[in-house]
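Everything below concerns the one structure shown next.
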Amino acid sequence: MLNRREFLGLGLLAFGVAVAPNKLNAVNFRETKPNIWKAKKVDAAVKEVFGSTSTVDGASKIKLKAPDIAENGAVVPVSFESELKATKIAVFQDANPESAVAVYSIPDNAVIDYALRIKLAKTGTVTVIAQADGKLYKVSKLVKVTIGGCGG
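The numbering used here puts the first residue of the sequence shown at 2, with every later residue one more than the last.
Structure, rendered in structure tokens:
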């Protein structure tokens, strides 16, 4: 028969094993592809990330949420979800000097449901591109910034 400490210890161990990732697939794109972060135009950043700028409309494949009007450009909430079997997803914007915001390597069978906050210096377009099935699916949304921005 287990005493209380042994029971709690085994329970904690089981919990740790259950929540531990079974496969870590992280790529540091800042080291492997530094030119992504230097690109001043969205097309240049897209080419650096995916090797091509040829995209198809992804409005039916990717659900992008961002405010129509952001009262504070320093913290603009952006989220996206998709049922695509994407291998890579990237977020871009055209309001700041550097176009790339984030690049994600998507593990097999992952649920694509991401949310982040980005800075926009001025009114601009937020773009999400997903690589799946040999295609680049693109969805964009214009966000009007009223105050704040990166410049204050």
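For every residue, glycine included, the Cβ atom is placed at its ideal position computed from N, Cα and C.
**OP:** Within its chain, find whatever has a CB closer than 6 Å to the CB of GLU7; leave out the 5 residues flanking it on each side and keep chain order.
**Re:** Locating residue 7 in the sequence shown gives position 6, counting from the first residue. Same-chain partners within the cutoff: there are none.
Original post:
In its own chain, which residues sit with a C-beta less than 8 Å from the C-beta of LYS42, not counting the 5 before and 5 after it?
Top reply: In the sequence shown, residue 42 corresponds to position 41, counting from 1. Cβ within range, chain order: ASP95, SER100.
Original post:
Given a threshold of 16 other Cβ atoms within 10 Å of its Cβ, counted over all protein chains shown, does LEU65 qualify as buried or as exposed?
Top reply: Translated into positions along the sequence shown, residue 65 becomes position 64. Counting Cβ neighbours within 10 Å, LEU65 comes out buried, since at least 16 surround it.
**OP:** Please list the segments of the beta strand (DSSP E) lying wholly inside the stretch 67 to 124, counting only runs of 3 or more residues, in order along the chain.
**Re:** 77 to 83, 89 to 94, 101 to 106, 113 to 119
**OP:** Provide the residue span of the beta strand (DSSP E) that contains LYS34, from first to last.
**Re:** Here residue 34 refers to the residue found at position 33 when the sequence shown is read from its first residue. First-last for LYS34: undefined, no H or E at that position.
Original post:
According to the neighbour-count rule (16 or more other Cβ atoms, all chains shown, within 10 Å of its Cβ), is ASN4 buried or exposed?
Top reply: The sequence position of residue 4 within the sequence shown is 3, counting from 1. Flag for ASN4 reads exposed.
Original post:
Relative to the ligand MG, is the shortest distance from any of its heavy atoms to the C-beta of ALA116 smaller than 7 Å?
Top reply: As presented, the structure is devoid of all ligands, the ligand MG included, so that no description of it is given.
Subject >> Candidates VAL146, THR126, ALA122, SER106, of which the one nearest THR33 by Cα >> reply: For the purposes of this step, residue 33 is taken as residue 32 along the sequence shown, with counting starting at 1. Of the candidates VAL146, THR126, ALA122, SER106, the one whose C-alpha sits nearest the C-alpha of THR33 is SER106.
**OP:** Figure out for me which residue from ASN97, GLY59, LYS120 has the closest Cα to the Cα of SER83.
**Re:** Mapped onto the sequence shown, residue 83 falls at position 82. Checked all of ASN97, GLY59, LYS120; the closest Cα to SER83 is GLY59.
Original post:
Where PHE81 and VAL112 are concerned, what is the direct C-alpha to C-alpha distance, given to the nearest angstrom?
Top reply: Counted from its first residue, the sequence shown places residue 81 at position 80. Counted from its first residue, the sequence shown places residue 112 at position 111. Rounded to the nearest angstrom, the two C-alpha atoms are 11 Å apart.
Original post:
Going by Cα to Cα distance, which pick from ASN110, ILE148, VAL146 is closest to ALA133?
Top reply: For the purposes of this step, residue 133 is taken as the residue at position 132 of the sequence shown. Ranking ASN110, ILE148, VAL146 by Cα distance to ALA133 puts ASN110 first.
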